[in-house]
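Same order as they appear, the protein sequences are chains A, B and C. Residue 47 in our numbering sits at position 47 of the first sequence, with consecutive numbering throughout. Basically our numbering = 1-based index in the second sequence + 147. Basically our numbering = 1-based index in the third sequence + 471. In this text, a Cβ means the ideal position worked out from N, Cα and C, and glycines have one as well.
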Amino acid sequence: MSIEANEEFRPKIVAFCCNWCSYAGADLAGSSRLAYPADVKIIRVPCSCRVNPMFILRAFEKGADGVIMCGCHPGDCHYSTGNYYARRRMTLLFSMLDYIGVENGRTRVEWVSAAEGVKFSTTMNEFVEKIHSLGKNVRLGDLRCRN
Amino acid sequence: MQELIARAKELLANGTVARVLGWKAGDLPYNPEPAYFEKEEDFKDFVYNGFCGANLSKYMIEATKLEGKTLVCLKPCDTYSFNQLIMEHRVDREKAYIIGVGCKGKLDIEKIKKQGIKGIQSISGAEITDDAETLTINTLYGDKTIPYADGMLERCHVCKGKEHKIYDEIIGESKDTKDADRFDEVSRIESMKPEEKFAFFQKELSKCIRCNACRNACPACSCRKCVFDSNKFDSSQKANVDSFEEKMFHIIRAFHVAGRCTDCGECSRVCPQGIPLHLFNRKFIKDIDEFYGEFQAGEDITVKGPLTSFTFEDVEPSVVAERG
Amino acid sequence: MYKIAKENLPALFQRIAEGQDLILPISNGGQVNYGVWTEDADVDIETLKSVKSPKDAFFPQSENLYTCVREGKKLQITPEELQQKDFVVFGMKACDIQGVEVLDKVFLSEPVDTFYAARRQHGTIVAMACHEPEETCFCKVFGIDAAEPKADVATWLIDGELCWKPLTEKGETLTKAVADLLSDDAAADAKVENEKSAIRAIIDKLPYSDLSLEGWNGDALTEKFNSPVWEELYKPCLACGTCTFVCPTCQCYDIKDYDTGHGVQRYRCWDSCMYSDFTMMAHGNNRNSQMQRFRQRFMHKLVYFPANNDGMYSCVGCGRCVEKCPSALNIVKVIKAFQNQGGENA
């Protein structure tokens with residue numbers, strides 16, 4: 001499991017995608033043969049509102065270098081209002097992470113509809129690039145998961 | 148205090164209440180404990196002074212499940228917590244008789260001891276009735292005098308005001324002891340560089356012993372079973388194994404009470420390691436105020452909390468990065 | 472009797488820390504706790520009580536037992552190594568040392584706890600007499616003499632000088648290693664005697680020093696266990712673990728597994744009888760009310776432990792719980808409550 005010194009840094013990125021828009025968007029990106037890095041691990045959730053702040057912290061605990069949450073555009077939520085609540089929660093949580101010194105580039109929220117395969121792929125490319133520039137996440141992770 | 152005792156005895160005698168929740172004198176000059184009084188003779192130990200800092204709203208969660216009404220002594224800031232508990236259906240208003248007690252700022256024995264005072268034998272000036280601005284402390288190593296304000300809890304320096312938000316009657320005068328801005332420290336941290344912020348919190352949280360006092364004393368932490376107490380959860384609630392665990396615990400603790408925290412300051416008061424836990428809660432309060440408009444939990448029970456409501460025009464999470 | 476000037480203590484610490492770990496009271500963020508000495512550590516030997524007791528040096532709050540790593544279909548199990556490096560704990564008080572004696576009874580009796588035993592074997596304790604005891608102290612009640620701690624080396628901090636007296640073989644070895652920093656001073660003996668009587672005089676004046684333990688022993692089990700006093704006493708308890716985690720003698724622990732994603736780490740961590748999952752078993756919990764859990768703590772300290780250990784109490788009167796309980800409950804209040812109720816229950 002150890003990373004050799006000369007090996008290129010491959011970030012671990014967790015993307016929480018809502019079932020109705022963003023996951024379908026990822027699907028479309030795939031079927032349209034749009035490339036995005038394999039470093040992104042998608043976790044499908046029923047709605048962006050399902051994402052508990054603990055999920056985000058857990059991802060970091062287990063070694064994620066960046067966490068992104070994708071949901072339907074505000075106004076388009078399958079359950080009408082889920083993403084509005086999620087928006088408030090994530091704003092506060094990301095602000096808190098920033099406050100305790102975790103670089104704010106490591107967290108991101110993006111609204112991606114089922115038709116936006118291109119947006120999905122560009123978002124992921126951008127995000128992976130950002131995490132590349134930030135490097136390994138050393139501030140928020142459980143040491144026991146490292147080796 | 149005599150007026151309070153007389154009234155409590157009267158309400159107990161005429162059957163309005165079945166018990167009184169107040170404070171019992173301790174065996175040292177500064178350690179009164181929360182206690183129930185059910186008989187007239189129990190009141191010989193009743194005390195209410197500057198060291199009665201505990202927020203009794205927390206005890207009302209269990210007390211209002213008992214038979215009959217409970218008379219509870221609440222300080223102005225405690226009433227916010229009680230209101231919040233009503234909103235969350237954690238207490239039964241019908242089973243509480245609230246006496247709003249006067250407050251001129253509560254004392255922090257740790258802070259007093261930090262000023263080099265030890266071997267305390269007696270303290271005068273802590274009584275709620277007197278207007279003395281100084282505490283005279285008689286110790287084994289000589290007498291010491293300090294201004295009352297120098298012994299006050301941090302939360303009293305940012306007092307929310309002398310008004311009781313909910314009560315059946317008020318006994319005693321209150322004083323607004325505010326002499327600082329509660330967001331000053333939060334703003335100071337916000338302006339630090341990421342590595343400085345990280346170093347600051349790492350240093351503070353490294354002291355955490357996972358005793359859970361902050362959680363258990365918090366009136367907003369009223370879950371029957373806390374997620375951190377679950378045995379299916381591989382982060383232990385009691386082990387300080389890795390610096391991550393403490394961060395996770397304190398972020399989640401503060402997040403779970405975000406929008407519900409009345410900033411009563413109990414978490415910081417009870418922390419045995421003196422961790423300024425209010426800095427987490429106040430960060431959320433400050434952000435909520437900035438993003439979604441001024442909000443004080445427990446002030447008005449008809450207003451929805453900021454995390455259980457939304458507007459279509461809310462800021463996007465990217466605001467955090469843009470703010471820099 | 473040897474002595475060293477207070478300003479030379481950093482040199483002493485540096486010397487001790489060569490080749491071994493030095494654990495001593497360090498101030499961090501306004502609180503004093505025992506920690507490993509480093510050159511930039513803010514050492515504080517003046518504060519009487521550390522927040523946490525120094526029992527961490529021998530019985531850490533969390534420690535790994537073994538690690539399993541999975542690679543493919545292979546499973547590799549690595550037991551944690553026992554303590555092999557010598558270390559010195561500096562500045563322990565008489566009560567903390569009695570606390571270690573209590574832990575010895577638990578961990579060194581059969582079956583011996585090897586992790587603990589290895590630490591005891593490699594640890595040297597340099598004790599410090601309590602210069603100015605505080606109102607929360609009640610070590611005298613348990614027959615502990617704060618003026619003359621019994622350890623490998625005993626020290627007294629008097630007027631800017633640390634008087635140093637080795638008491639055991641380990642203590643002699645340590646003294647030899649730092650001999651050139653110490654000076655021999657026959658006059659120090661008289662100074663130490665004066666300091667001892669001054670300390671004892673203060674202790675006699677402390678409010679808790681005349682506390683009576685009458686009626687608290689192994690024979691009092693059923694009478695104390697069934698007393699109605701507990702129902703009243705436990706009420707302010709918030710069920711946090713502060714008292715148990717600052718205590719120098721609380722020795723209950725839990726063993727847990729942590730899923731690292733590529734294996735498991737089995738570790739043990741202090742447990743607290745105040746917690747709802749204390750001694751949880753497959754069938755559930757055998758103490759399911761806070762009253763029962765609260766009672767457990769004090770019955771253990773004052774009844775069960777003396778019953779199994781020739782009358783030795785597992786409270787040492789350090790007073791940490793007295794200072795730190797968020798609800799101002801403590802063992803002294805418990806003892807007093809039973810005194811006051813004595814007549815009614817007899």
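Beta-carbon contacts of residue i that lie in its chain and below 7 Å, excluding the five residues immediately before and after
| i | result |
| --- | --- |
| Lys772(C) | Tyr784, Ser785, Cys786, Ile802 |
| Asp39(A) | Arg10, Pro11, Lys12, Ile13, Val128 |
| Arg362(B) | Cys368, Cys373, Arg400 |
| Glu310(B) | Pro223 |
Among the options, nearest to residue i - alpha-carbon criterion
| i | options | result |
| --- | --- | --- |
| Asp527(C) | Asp557(C), Glu542(C), Ile494(C), Cys608(C) | Ile494(C) |
| Asp434(B) | Phe94(A), Pro37(A), Gly135(A), His73(A) | Phe94(A) |
| Cys18(A) | Pro11(A), Phe60(A), Ala26(A) | Ala26(A) |
| Thr163(B) | Glu241(B), Phe193(B), Leu232(B) | Glu241(B) |
| Glu703(C) | Leu218(B), Pro181(B), Glu157(B), Phe431(B) | Pro181(B) |
| Pro777(C) | His602(C), Lys474(C), Trp687(C), Ala600(C) | Trp687(C) |
| Asp818(C) | Glu632(C), Thr639(C), Val597(C), Val649(C) | Because chain C here runs from 472 to 817, residue 818(C) falls outside it and cannot be looked at. |
| Ser369(B) | Thr458(B), Ile233(B), Asp192(B) | Ile233(B) |
| Asn230(B) | Tyr244(B), Ala364(B), Asp447(B) | Asp447(B) |
| Lys379(B) | Met751(C), Met745(C), Lys676(C) | Met751(C) |
| Val417(B) | Tyr227(B), Gly200(B), Glu337(B), Tyr177(B) | Gly200(B) |
| Ile275(B) | Asp297(B), Tyr195(B), Val467(B), Phe431(B) | Tyr195(B) |
Proximal residues to residue i (C-beta, below 6 Å), its chain only, five neighbours per side dropped
| i | result |
| --- | --- |
| Tyr679(C) | Phe609, Val803 |
| Tyr36(A) | Ser121, Met124, Asn125 |
| Lys251(B) | Lys322 |
| Trp47(A) | Per the sequence shown, residue 47(A) should be read as Cys rather than Trp. The residues are Cys18, Tyr79, Gly82. |
| Ala271(B) | Looking at the sequence shown, residue 271(B) is not Ala but Ser. Once the five neighbours on either side are set aside, the close Cβ partners of Ser271(B) are Thr283. |
| Phe578(C) | Asp584, Tyr587 |
| Cys220(B) | Gly169, Ile246, Val248 |
CB contact check: residue i to chain C, cutoff 8 Å
| i | result |
| --- | --- |
| Val417(B) | yes |
| Cys145(A) | yes |
| Tyr195(B) | no |
| Lys62(A) | yes |
| Pro366(B) | no |
| Ile208(B) | no |
| Ile356(B) | yes |
| Glu4(A) | Its pLDDT being 49, under 50, Glu4(A) is placed unreliably in this model, and the value from its coordinates should be taken loosely. It does not; no Cβ of chain C falls within 8 Å. |
Neighbourhood of residue i by C-beta distance below 8 Å, restricted to the same chain and skipping five residues each side
| i | result |
| --- | --- |
| Ile318(B) | Glu150, Leu151, Arg154, Ile246, Gly247, Val248, Gly249 |
| Val462(B) | Phe438 |
| Thr292(B) | Thr281, Leu282, Thr283, Ile284 |
Neighbour flag for residue i against chain A, beta carbons, 8 Å
| i | result |
| --- | --- |
| Glu441(B) | no |
| Glu393(B) | no |
| Gln736(C) | yes |
| Gly732(C) | yes |
| Pro464(B) | yes |
| Pro341(B) | yes |
| Tyr537(C) | no |
| Glu446(B) | no |
Closer than 8 Å to chain B by CB, residue i
| i | result |
| --- | --- |
| Leu709(C) | yes |
| Pro11(A) | no |
| Leu134(A) | no |
| Tyr505(C) | no |
| Phe558(C) | no |
| Asn137(A) | no |
| Gly439(C) | Outside the shown range of chain C (472 to 817) lies residue 439(C), about which nothing can therefore be said. |
| Phe127(A) | no |
| Asp742(C) | yes |
| Asp748(C) | yes |
| Pro53(A) | yes |
| Gly712(C) | yes |
Whole-angstrom C-beta distance between residue j and residue i, which should lie under 8 Å
| i | j | result |
| --- | --- | --- |
| Cys714(C) | Cys789(C) | So it is not a contact: roughly 11 Å between Cβ atoms. |
| Ile497(C) | Ala512(C) | 5 Å |
| Thr409(B) | Gly440(B) | Incorrect: roughly 17 Å between the Cβ atoms, too far for contact. |
| Gly500(C) | Glu301(B) | Not confirmed; about 14 Å, so no contact. |
| Leu709(C) | Ala243(B) | No, Leu709(C) and Ala243(B) are not in contact; Cβ-Cβ is about 19 Å, not under 8 Å. |
| Asp225(B) | Asn202(B) | 5 Å |
Across the region 553-567 of chain C and the region 478-494 of chain C, are there enough close Cβ pairs to call them in contact, namely three or more that are closer than 8 Å?
Contact between the region 553-567 of chain C and the region 478-494 of chain C is present, because at least three Cβ pairs lie under 8 Å.
Validate contact between the region 156-175 of chain B and the region 184-196 of chain B using beta carbons, cut 8 Å, 3 pairs:
Look at the beta carbons and you see the region 156-175 of chain B touching the region 184-196 of chain B: at least three pairs across the two are nearer than 8 Å.
With a threshold of 8 Å, are at least 3 pairs of Cβ atoms found where one atom belongs to the region 592-604 of chain C and the other to the region 651-671 of chain C?
Three or more Cβ pairs closer than 8 Å define a contact, and the region 592-604 of chain C meets that threshold against the region 651-671 of chain C.
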